[in-house]
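To start, the structure itself, in structure tokens.
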Amino acid sequence: MRTTAVAAVPQITDADFHKFAEFFYRKTGIHFDEGKRYFVDKRLLDRIAATGADSFRAYFVAMRFEADGSELQQLINLMTVNETYFFREAYQFDCLVNHLLDEVAARKPRGSRIRIWSVPSSTGEEPYSIAIYLLERWARIDDYEVEIVSSDIDSRVLEAAQAGVYSPRSVAQLPKNYLNKYFKPTQDGNWRISRDLVEAVEFSLVNLSQPADTRCFRDIDIIFCRNLLIYFDDLSRRVAAEAMYDALRPGGFICLGHSESMSRISSLFKVRRFPDAMVYQKPLELT
Amino acid sequence: MGLKKTSEAGTALRRVEERTYPRDAGGLIAQLRDADPAVRRWAARDLAVHAEAAPRLCAQLLEERDASVRAVLFSSAAQLGGSAVVEGLLPLLRSDDAALRNGAIEVLSGLPEAVAPHIDALLRDVDSDVRLFTVNLLGNLPHAQVPEWLGRVLNTETEANVVGAAIEVLAEVGNRSLAQPLRAVRLRFADDPFIGFAAEVALERIEAA
Amino acid sequence: MSIATPDTKPPQRILVVDDAATVRMYHRKILGDAGWATDEACNGVEALERVHGQDEGAAYDLFVVDINMPRMDGYSFVRELRRLPGVPQVPVVMVSTEAKSHDASAALDAGANVYLVKPARPRELVLNAALLLGDHAAALKAAGALS
Numbered sequence: 018m019r020t021t022a023v024a025a026v027p028q029i030t031d032a033d034f035h036k037f038a039e040f041f042y043r044k045t046g047i048h049f050d051e052g053k054r055y056f057v058d059k060r061l062l063d064r065i066a067a068t069g070a071d072s073f074r075a076y077f078v079a080m081r082f083e084a085d086g087s088e089l090q091q092l093i094n095l096m097t098v099n100e101t102y103f104f105r106e107a108y109q110f111d112c113l114v115n116h117l118l119d120e121v122a123a124r125k126p127r128g129s130r131i132r133i134w135s136v137p138s139s140t141g142e143e144p145y146s147i148a149i150y151l152l153e154r155w156a157r158i159d160d161y162e163v164e165i166v167s168s169d170i171d172s173r174v175l176e177a178a179q180a181g182v183y184s185p186r187s188v189a190q191l192p193k194n195y196l197n198k199y200f201k202p203t204q205d206g207n208w209r210i211s212r213d214l215v216e217a218v219e220f221s222l223v224n225l226s227q228p229a230d231t232r233c234f235r236d237i238d239i240i241f242c243r244n245l246l247i248y249f250d251d252l253s254r255r256v257a258a259e260a261m262y263d264a265l266r267p268g269g270f271i272c273l274g275h276s277e278s279m280s281r282i283s284s285l286f287k288v289r290r291f292p293d294a295m296v297y298q299k300p301l302e303l304t
Numbered sequence: 025m026g027l028k029k030t031s032e033a034g035t036a037l038r039r040v041e042e043r044t045y046p047r048d049a050g051g052l053i054a055q056l057r058d059a060d061p062a063v064r065r066w067a068a069r070d071l072a073v074h075a076e077a078a079p080r081l082c083a084q085l086l087e088e089r090d091a092s093v094r095a096v097l098f099s100s101a102a103q104l105g106g107s108a109v110v111e112g113l114l115p116l117l118r119s120d121d122a123a124l125r126n127g128a129i130e131v132l133s134g135l136p137e138a139v140a141p142h143i144d145a146l147l148r149d150v151d152s153d154v155r156l157f158t159v160n161l162l163g164n165l166p167h168a169q170v171p172e173w174l175g176r177v178l179n180t181e182t183e184a185n186v187v188g189a190a191i192e193v194l195a196e197v198g199n200r201s202l203a204q205p206l207r208a209v210r211l212r213f214a215d216d217p218f219i220g221f222a223a224e225v226a227l228e229r230i231e232a233a
Numbered sequence: 002m003s004i005a006t007p008d009t010k011p012p013q014r015i016l017v018v019d020d021a022a023t024v025r026m027y028h029r030k031i032l033g034d035a036g037w038a039t040d041e042a043c044n045g046v047e048a049l050e051r052v053h054g055q056d057e058g059a060a061y062d063l064f065v066v067d068i069n070m071p072r073m074d075g076y077s078f079v080r081e082l083r084r085l086p087g088v089p090q091v092p093v094v095m096v097s098t099e100a101k102s103h104d105a106s107a108a109l110d111a112g113a114n115v116y117l118v119k120p121a122r123p124r125e126l127v128l129n130a131a132l133l134l135g136d137h138a139a140a141l142k143a144a145g146a147l148s
């Protein structure tokens, strides 16, 4: 007769890990291999403890059969790094000024308006990074009128974005000359961005799941929607992607976060590869 | 030129569209047939809060050719949920159009309580494709009865492809009570190399290998 | 006596596209055992991302593609693949659970080279892959001419 030993601490076996990794990959497109074992196991054990499950099996079953997917959302939060700072994932900004803007500009007369939508604005690092890139690194900035609009669902971060004060950590990726050109140091060791840049971004309070909020975004040429959709449930993700499809002009581009993919969200966009980045495009010809 | 300042008179975000049709359900339903796909898309989007439109939204899927409008029809159906949507979408499981079928499966998999009463009949459908697509649906359905339904498939299904699909899902949701049915089905389809492989994986995952 | 070593070319690379994880595992094992390198994607959109994500010189030599996938099915993926500028026109094996003949012609119309009914028997998959890859040693082995 087998003695049943009760494990004092739940374990993640190899089979558990593979089962979890396949499920997570299916839902998010994020692939965890053996090298991420420690990272994944630790976070799974955290959630097992937090939910009061007595084993990985019990935890996984509860998560898999949960109708609203909230535990999966918790896990996604834990498994992904969500920190905002200036020039985060800058290769996409390189793509913006090296390729995307030129393609967009080629379809418009000189002097016309180009619209860029940055969502979520969070505390402003992304829209201001875009502004700095445009001024410093797009050769044709003087030939077009570029409008930057930026939105968030959280009014407190919008207020912070408009105040424009940032920590040393947040500006660490900026070249020194940009920092000195566009920011002034504050008394307490932070950096305040110039009012010119604050006024170059139009901020708004928007819930991407609400048609009433997204309806007024039209004729957008380029959308940055990075590291947001991954935190939505499946349905909200689709609704947001479809709203952004409508916001874009034909041929408009959308950039997602580096670990995000339209393959889990929508088939409406074409995949476009540029030297700096892979982005998605609303088709030009509408059939 | 350069960056546009918000302190300039900018009406870009606050422009209010002139509505040529009323936004009540009747008006929106009429717009589902507009020649302009953008109008149809917006009508489909705005119908997401009109429960009485569920049958009409589902019916429109059969006629709509534009992928972007279809996508929004499905999303709105998903937001409405309920048995009217389930009944409207179940017939799409029989469609030859893979995009329609898979779109329906995606919406149905988000409506576990409304879909559950239909599963038994679907798993006994005379069409093996329908049985296969039902197993695909179970693969994403957050319902506690999924392992039990799959167990029944293992015990009674004759089509190797349906069995294979069921074993695939059990690798994720199976429990130890499925070990014996998995071994039995592996024997029954002993000359099918995929079923043997898939059963091994499933048994390993439910740790009864 | 020393035998001249064949020049060490990297193994040919195959992208396996299927929404079912176990089927991907199965096909990858069969193809891997035959000596080829494999990658996977779970639907047509992800497969296109994999294709775009390849650097020059590391492009795929063959695709093994399921027809019935969510988001973007096999036909649409192959049609998009054949339309890509600058991507070499690589052979495609299409696999499907359906044995109806119209699926075979639809597959070929979309641009596939070969249509197999799923799940393919290991030897059949390897033989077809080997022939499309021009890998004569593997083709002979699969056909049973070598022990």
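Chains as they are written, first to last, in my numbering: chain A, 18 to 304; chain B, 25 to 233; chain C, 2 to 148.
Ideal Cβ placement from N, Cα and C applies to all residues, glycine included.
This one's a predicted model, so the numbers in the text were calculated from it and none came from an experiment.
Looking at the C-beta of B/Phe-221, does it have a partner C-beta in chain C at a distance below 7 Å? yes
Buried/exposed call for B/Asn-164, threshold 16 Cβ in 10 Å: buried
Taking all protein chains shown into account, do 16 or more other C-beta atoms lie within 10 angstroms of the C-beta of A/Val-288, making it buried, or fewer, making it exposed? buried
Kindly say whether A/Met-80, judged by its beta-carbon, lies nearer than 7 Å to any beta-carbon of chain C. no
Kindly say whether B/Ser-201, judged by its beta-carbon, lies nearer than 7 Å to any beta-carbon of chain A. no
Quick check: the region 114 to 134 of chain A against the region 79 to 97 of chain A, are there 3 or more CB pairs under 8 Å? no
Nearest-angstrom beta carbon gap, C/Val-79 and A/Met-279 [assumed within contact, 8 Å]: Contact doesn't hold; Cβ gap of about 19 Å is too wide.
Assumed close pair A/Pro-267, A/Leu-301 - CB separation to whole angstroms, cut-off 8 Å: 5 Å
On the CB-based measure, 16 or more other CB atoms within 10 Å of its CB, does A/Phe-56 come out buried or exposed? exposed
In chain order, what residues of the same chain lie with their CB nearer than 6 Å to the CB of C/Glu-41, ignoring the 5 residues before and after it? Val-17, Arg-25
Determine the direct distance from the alpha carbon of B/Leu-161 to that of B/Glu-130, and round the result to whole angstroms. 8 Å
Going along the chain, which residues of the region 133 to 157 of chain B sit with their C-beta nearer than 8 Å to a C-beta in chain A? Gly-134, Pro-136, Glu-137
My output table needs one value for B/Val-170: the three-state DSSP class, helix, strand or coil. helix
Between the C-alpha atoms of B/Val-110 and B/Ala-140, what's the straight-line distance to the nearest angstrom? 10 Å
The region 13 to 25 of chain C: which residues have C-beta closer than 9 Å to a C-beta of chain B, in chain order? Asp-20, Ala-21, Ala-22, Thr-23, Val-24
Over what stretch of residues does the alpha helix (DSSP H) that includes A/Tyr-108 continue unbroken? 108 to 112
Tell me the DSSP secondary structure of A/Thr-231 in three-state form. helix
I'd like to know if B/Glu-224 contacts chain C, where contact means its C-beta is closer than 7 Å to some C-beta of that chain. no
My parser needs the beta strand (DSSP E) runs of 3 or more residues fully inside the region 6 to 66 of chain C; what are they? 14 to 18, 38 to 42
Going along the chain, which residues of the region 36 to 52 of chain C sit with their C-beta nearer than 9 Å to a C-beta in chain A? Ala-42, Cys-43, Asn-44, Gly-45, Val-46, Glu-47, Ala-48, Leu-49, Glu-50, Val-52
Nonlocal neighbours in the same chain, by C-beta distance under 7 Å from A/Trp-155, ignoring five residues either side: Val-114, Leu-118
Using beta carbons (cut-off 7 Å, strictly below), is B/Asn-126 in contact with chain C? yes
Can you tell me which of A/Ile-149, A/Phe-200, A/Ser-135 puts its alpha carbon nearest to the alpha carbon of A/Met-168? Correcting the residue identity first, residue 168 of chain A is Ser in this sequence and not Met. Per the Cα distances, A/Ser-135.
Alpha helix (DSSP H) runs contained entirely in the region 89 to 127 of chain C, provided each spans 4 or more residues: 102 to 111
Run through DSSP, which three-state label would A/Val-223 get? coil
Quickly, what does DSSP pair A/Tyr-297 with across the bridge? List them, please. A/Ile-271, A/Val-288
Cβ neighbours of C/Met-2 in the same chain (closer than 8 Å, five flanking residues each side left out): Confidence at C/Met-2 is low in this model, with a pLDDT of 48, below 50, so the placement of that residue should be treated as unreliable; the coordinate-derived value is given next. Excluding residues within five positions, none has a Cβ falling inside 8 Å.
So who's on the other strand from A/Lys-201, going by DSSP bridges? A/Arg-209
Could you tell me whether the Cβ atoms of A/Ile-133 and A/Ile-239 are closer together than 7 Å? yes
From B/Asp-90, B/Leu-135, B/Trp-173, pick the residue whose C-alpha is nearest to that of B/Ala-145; which is it? B/Trp-173
Own chain partners of A/Phe-41 with C-beta closer than 7 Å, once the 5 adjacent residues on each side are dropped: Ile-47, Phe-49
Any idea what DSSP makes of B/Leu-56, helix, strand or coil? coil
Taking 7 Å as the threshold (C-beta atoms), are A/Arg-243 and A/Gly-269 in contact? no
List the residues of chain A whose Cβ lies closer than 8 Å to the Cβ of C/Gly-54, in chain order. Arg-290, Met-295
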